[in-house]
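Read top to bottom, the protein sequences are chains W and U. Each residue of the first sequence is one higher than the last, beginning at 1 in the working numbering. Each residue of the second sequence is one higher than the last, beginning at 305 in the working numbering. Built from N, CA and C at the ideal position, the CB exists for glycine as well.
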Amino acid sequence: MTTVSTSAFYERATQAMTVLRARAEGLQAALGRGERLSRSSDDPVAAARLRGLARGDSFAAIGTSNANRAASDLTLTDTALASFAEYITRAKELAVQAANATLTPAQRAGIGTELAQLHGNLVALANARDSAGHALFGGETAGQAFMLDAAGNPAYAGTASAGELPLGDGQSVTRGLTGPEFLNFNTGSSPTDIFAVVKGLADALQGGAADPAQAARDTLGVLDTGLEAVTTVQTVIGARLNWIDLTTQRRTDMSELSANEQAEIGGTDMAATITRLKQALTVLEASQASFAKLSSLSLFDVLR
Amino acid sequence: MSSDLLSIARSGAMAARVALDVTAQNIANAASDGYVRRSVRLAELASSGGFGRVGDVSLSGVRLDAVTRNVDAFRQTEVRRTGSDASRASSELAGLQNIETAVEQTSIYPAVVAFETALERLTADPVSSSLRAAVLEDARTMVRTFNIAAQSLASVGEGLRFEATDGVGQVNLLAGELARINLRLARASDATSDQSALLDSRDNLLQRLSGFADISTVFSVDDTVEVRLGGSAGPQLVLGGTATSLAMATAVNGTITFMLGATPVTLSGGALAGKAQALAAVADTSTELNGIANALIAAANAAQAGGAALDGSAGQPLFSGSGASGISLALTTGAGIATAPSGASAGSRDPANLAALRSALSSSDIAGKLDSLLFGISSKVAGRTTTSEALSTIAGSARIALEAQSGVDLDAEAVNLIRFQQAFQASGKAMQVAGTLFDTLLAIR
Numbered sequence: 001m002t003t004v005s006t007s008a009f010y011e012r013a014t015q016a017m018t019v020l021r022a023r024a025e026g027l028q029a030a031l032g033r034g035e036r037l038s039r040s041s042d043d044p045v046a047a048a049r050l051r052g053l054a055r056g057d058s059f060a061a062i063g064t065s066n067a068n069r070a071a072s073d074l075t076l077t078d079t080a081l082a083s084f085a086e087y088i089t090r091a092k093e094l095a096v097q098a099a100n101a102t103l104t105p106a107q108r109a110g111i112g113t114e115l116a117q118l119h120g121n122l123v124a125l126a127n128a129r130d131s132a133g134h135a136l137f138g139g140e141t142a143g144q145a146f147m148l149d150a151a152g153n154p155a156y157a158g159t160a161s162a163g164e165l166p167l168g169d170g171q172s173v174t175r176g177l178t179g180p181e182f183l184n185f186n187t188g189s190s191p192t193d194i195f196a197v198v199k200g201l202a203d204a205l206q207g208g209a210a211d212p213a214q215a216a217r218d219t220l221g222v223l224d225t226g227l228e229a230v231t232t233v234q235t236v237i238g239a240r241l242n243w244i245d246l247t248t249q250r251r252t253d254m255s256e257l258s259a260n261e262q263a264e265i266g267g268t269d270m271a272a273t274i275t276r277l278k279q280a281l282t283v284l285e286a287s288q289a290s291f292a293k294l295s296s297l298s299l300f301d302v303l304r
Numbered sequence: 305m306s307s308d309l310l311s312i313a314r315s316g317a318m319a320a321r322v323a324l325d326v327t328a329q330n331i332a333n334a335a336s337d338g339y340v341r342r343s344v345r346l347a348e349l350a351s352s353g354g355f356g357r358v359g360d361v362s363l364s365g366v367r368l369d370a371v372t373r374n375v376d377a378f379r380q381t382e383v384r385r386t387g388s389d390a391s392r393a394s395s396e397l398a399g400l401q402n403i404e405t406a407v408e409q410t411s412i413y414p415a416v417v418a419f420e421t422a423l424e425r426l427t428a429d430p431v432s433s434s435l436r437a438a439v440l441e442d443a444r445t446m447v448r449t450f451n452i453a454a455q456s457l458a459s460v461g462e463g464l465r466f467e468a469t470d471g472v473g474q475v476n477l478l479a480g481e482l483a484r485i486n487l488r489l490a491r492a493s494d495a496t497s498d499q500s501a502l503l504d505s506r507d508n509l510l511q512r513l514s515g516f517a518d519i520s521t522v523f524s525v526d527d528t529v530e531v532r533l534g535g536s537a538g539p540q541l542v543l544g545g546t547a548t549s550l551a552m553a554t555a556v557n558g559t560i561t562f563m564l565g566a567t568p569v570t571l572s573g574g575a576l577a578g579k580a581q582a583l584a585a586v587a588d589t590s591t592e593l594n595g596i597a598n599a600l601i602a603a604a605n606a607a608q609a610g611g612a613a614l615d616g617s618a619g620q621p622l623f624s625g626s627g628a629s630g631i632s633l634a635l636t637t638g639a640g641i642a643t644a645p646s647g648a649s650a651g652s653r654d655p656a657n658l659a660a661l662r663s664a665l666s667s668s669d670i671a672g673k674l675d676s677l678l679f680g681i682s683s684k685v686a687g688r689t690t691t692s693e694a695l696s697t698i699a700g701s702a703r704i705a706l707e708a709q710s711g712v713d714l715d716a717e718a719v720n721l722i723r724f725q726q727a728f729q730a731s732g733k734a735m736q737v738a739g740t741l742f743d744t745l746l747a748i749r
């Protein structure tokens, strides 16, 4: 005969209900947190993947802030380039006026003064500051992009390249332009820069040349080359801004994917969890009820 | 010897009383730990006729033959064996969970990622004092989480050793108790309630002992028990009235070993074995964490040495100390972070050395190593959880099997109460009959 001892009955009931209760509480906790995992050991592989995704998110956030910074620097560069183009166009207009043989020397000298003013503006613009307050066209220099020498001629004092900003995922963007990249160009085969051209013309019109009208005519072509150099790099800047947009788009897509994956791996599947919780509770209630029934069944109650 | 109705009835009434007492004892101890259901064995008291008195009727009633303990030695052994395994698994698991908490809940991985991202953010403007300060503060947070993780691991080890010391004390206490019970068992006479109680205590002590260590037992004819630790070939813990003392030795790395008297003993079950395994895991984790901290220190300091600080001076070490508990932040200001290459002028925005620092960190793969450390611990915990659950289910069913066989069934005892009450009443009736018979004889005149 198999005996069912009273203590065995209670022990079995305790074990069964403890297991059910623990399961129900685990499911309830998962619902409350909205996350499936409370610690890595709940699912080590998923937890490792979640760590990796969270790390990627942190770097993506830096990528976003770098992209914003690069975009604002490049936009500043673009605005400055537009001003450069305006100044050079103005210089061209002035050169066309000065090239007119009917002008008096005094009128030419007046144009020359405006050109000298324009030269000053160009130097100031070349020393513009970026969003962080550093030289916009000075590469990675700590000081100014252009320093004036004793003769008042600006000399480039920056570094050779503008430096790159990482945009995440191994992508990067050159954050700006150095002055020489668009201010220096060749006339014929000899190198020159826009400052020298404008200053040369200003000096020539203010009495520095024997035939100022001819000098103005000669400079017209050089100014065209200078303007072309500026407009060329404007396209480069536009392309870089596009590149930032592209990587931003890509980063958004990636973060969407990553968020989806995180929700999939680490999130609680509400419907399934609620169903399982309901199931566990139903079974728990049933076993509690049957336990109460069985434990109240005592022969002592019947025997009088 | 002739029969005597009155004395027969008296013996019957007494036997029923004893049986009722045993039943009451069973009911009273229905919830007692380690109590084994008793039952009475009654035997007829009669003598066969002797020489020349072949036809004689000689009935003397009933006597109490023995009080039986309804115990199954095999099931008890199973309870001890499976209980030993389950408590080893659960104490190892508890230790491992503490290790997981110590390393994971200190958020050491997010802290390392934060440091790396702060360095990447610094690339945007290497001379910005606020970004430099952010890097330094993230480095400080990271260093402190390393310290906290190391401290937590150390205190996990301390807790485990404390519990193991307590367990060793318990084993010695239980072994001493068993030795005393052995002495008393050798003197107790068979099938008495005294012996039954001693046997209950003996089995209870053995079961508790098996929770701490895996024991093997040999029972001798006089019911005394010989206990060996660590399997049947292990050294003797209890033999007769002597108990050998168990001692624990702690190694430099915090792991523990056990000695029984002068013999080293390897435990493979029980809570003590679990603690020893968990302590080995603590030591491994500490070594690995120290290795990661040292790799971090080496990579960051080497990169710093190859660059120039904001003021153009040569880069100074970023971290000092060694190991996860010893690592500390050596730089005091963010200006000390060597972002520029060696020889650069003061205030240089050249991020060449910052890139070197970042690539040194990523090539020494600090975050990856931490990730695999965390993965290792958590998968160990996950695996051990399954093992522990399985073993405790097995131990639970072994316990239920034993209790189903040796425990008290209140319904059965209720039936026994009725049965023996009726027997008592019937014996009383027999006495009454004897009285009536006597009166009948007296009434003859």
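For a quick check, are the C-beta atoms of G619 of chain U and A604 of chain U less than 8 Å apart?
Cβ atoms of G619 of chain U and A604 of chain U: not closer than 8 Å.
Can you tell me whether DSSP reads L614 of chain U as helix, strand or coil?
The answer is coil: DSSP assigns L614 of chain U none of H, G, I, E or B.
Which one of U:I519, U:G515, U:Q499 has the shortest CA to CA distance from T528 of chain U?
Scanning U:I519, U:G515, U:Q499 for the CA closest to the CA of T528 of chain U turns up U:Q499.
Is S682 of chain U close to chain W, meaning its C-beta is less than 8 Å from at least one C-beta of that chain?
Yes, because at least one Cβ of chain W sits closer than 8 Å to the Cβ of S682 of chain U.
Could you name the residues that DSSP lists as bridge partners for P645 of chain U?
Looking at the DSSP assignment, P645 of chain U forms a beta bridge with U:G611.
Rounded C-alpha distance that separates R314 of chain U from R749 of chain U
The straight-line gap from Cα to Cα measures roughly 29 Å.
When the Cα atoms are used, what is the spatial distance from T14 of chain W to V283 of chain W?
Computed Cα separation, rounded: 14 Å.
Hey, out of U:A734, U:T636, U:E693, U:A656, whose CA is closest to R444 of chain U's CA?
Measuring from the Cα of R444 of chain U, the nearest candidate turns out to be U:T636.
Cβ-based burial, T235 of chain W [other Cβ within 10 Å; buried from 16]
With fewer than 16 Cβ atoms within 10 Å of its Cβ, T235 of chain W is classed as exposed.
When you compare each of W:I237, W:L103, W:R90, W:A204 to L122 of chain W by their alpha carbons, which one comes out closest?
Taking each of W:I237, W:L103, W:R90, W:A204 in turn and checking the Cα distance to L122 of chain W, the smallest one comes out for W:R90.
Within 8 Å, strictly: CB atoms of A30 of chain W and T268 of chain W:
Yes; because the gap between Cβ atoms is below 8 Å, this pair is in contact.
What residue range is occupied by the uninterrupted beta strand (DSSP E) comprising G168 of chain W?
164 to 168 is the extent of the beta strand (DSSP E) around G168 of chain W.
Is T141 of chain W near G168 of chain W, with beta carbons less than 8 Å apart?
A distance of 8 Å or more separates the beta carbons of T141 of chain W and G168 of chain W.
From the beta carbon of R240 of chain W, is the nearest beta carbon of chain U less than 8 Å away?
Taking Cβ atoms only, chain U never reaches closer than 8 Å to R240 of chain W, which makes this a no.
Determine the closest residue to T174 of chain W out of W:A162, W:A128, W:T273, W:S287, with distance taken between C-alpha atoms.
Selected option, being the one with the closest Cα: W:A162.
Under 8 Å, Cβ to Cβ, is there at least one residue of chain W near I722 of chain U?
With a threshold of 8 Å between beta carbons, I722 of chain U makes contact with chain W.
Pick from W:Y156, W:P191, W:A48: whose alpha carbon is nearest that of G179 of chain W?
Selected option, being the one with the closest Cα: W:Y156.
Bridge partners - D429 of chain U, DSSP secondary structure assignment:
Answer by DSSP bridge pairing: none, since D429 of chain U is not bridged.
Is the beta carbon of Q511 of chain U closer than 8 Å to that of R688 of chain U?
No, Cβ-Cβ distance for R688 of chain U and Q511 of chain U is not below 8 Å.
Cβ-Cβ distance between T589 of chain U and L457 of chain U below 8 Å
At a Cβ-Cβ threshold of 8 Å, T589 of chain U and L457 of chain U count as neighbours.
I'd like to check one pair, L183 of chain W with A132 of chain W: are the Cβ atoms closer than 8 Å?
No.
Check whether chain W comes within 8 Å of L349 of chain U, counting only Cβ atoms and requiring the distance to be less than that.
Chain W places no beta carbon closer than 8 Å to that of L349 of chain U, leaving this residue out of the contacts.
S287 of chain W vs L20 of chain W beta-carbon contact at 8 Å
Yes, these two residues count as a Cβ contact at 8 Å.
Say whether chain U places a C-beta atom closer than 8 Å to the C-beta of A47 of chain W.
Yes, its Cβ sits closer than 8 Å to a Cβ of chain U.
Relative to the alpha-carbon of G313 of chain W, which residue among W:T75, W:G170, W:A202 has its alpha-carbon at the smallest distance?
Here chain W covers residues 1 to 304 and nothing more, so residue 313 of chain W does not appear.
If you measure beta-carbon to beta-carbon, which residues of the stretch 701 to 719 of chain U are closer than 9 Å to chain W?
Within the stretch 701 to 719 of chain U, the residues whose Cβ lies closer than 9 Å to some Cβ of chain W are S701, R703, I704, A705, L706, E707, A708, Q709, S710, G711, V712, D713, L714, D715, A716, E717, A718, V719, listed in chain order.
Among the candidates W:A128, W:G138, W:D203, whose CA atom is the shortest distance from the CA of G152 of chain W?
Looking at the Cα atoms, W:D203 is the closest of the given residues.
Could you check which residue in U:F679, U:L721, U:S626 has the C-alpha nearest to that of D43 of chain W?
Selected option, being the one with the closest Cα: U:F679.
What is the DSSP secondary structure of Q620 of chain U, counted as helix, strand or coil?
Coil, per DSSP.
With burial defined as no fewer than 16 other Cβ atoms inside 10 Å of the residue's Cβ, what is the status of Q736 of chain U: buried or exposed?
Exposed: under 16 other Cβ atoms inside 10 Å.
Any beta-carbon of chain U closer than 8 Å to the one on S7 of chain W?
Closer than 8 Å to some Cβ of chain U, the Cβ of S7 of chain W qualifies, so yes.
Check this for me: beta carbons of A322 of chain W and A101 of chain W, under 8 Å apart or not?
Within the shown structure, residues of chain W are numbered from 1 to 304, placing residue 322 of chain W beyond reach of any answer.
Backbone secondary structure at V685 of chain U - three-state DSSP:
Collapsing the DSSP output to three states places V685 of chain U in a helix.
Per DSSP, what are the beta-bridge partners of M552 of chain U in this structure?
Its beta-bridge partners are U:F562.
With a threshold of 8 Å on Cβ separation, who are the neighbours of T372 of chain U within its own chain once the five nearest residues in sequence on each side are excluded?
Non-local C-beta neighbours of T372 of chain U in its own chain, meaning closer than 8 Å and more than five positions away in sequence, comprise R342, S343, V344, R345, A495, ordered along the chain.
Here's a check: name, in chain order, each residue in its chain whose Cβ is nearer than 7 Å to the Cβ of A422 of chain U, leaving out the five neighbours to either side.
So the qualifying residues of the chain are A438, V439, D442.
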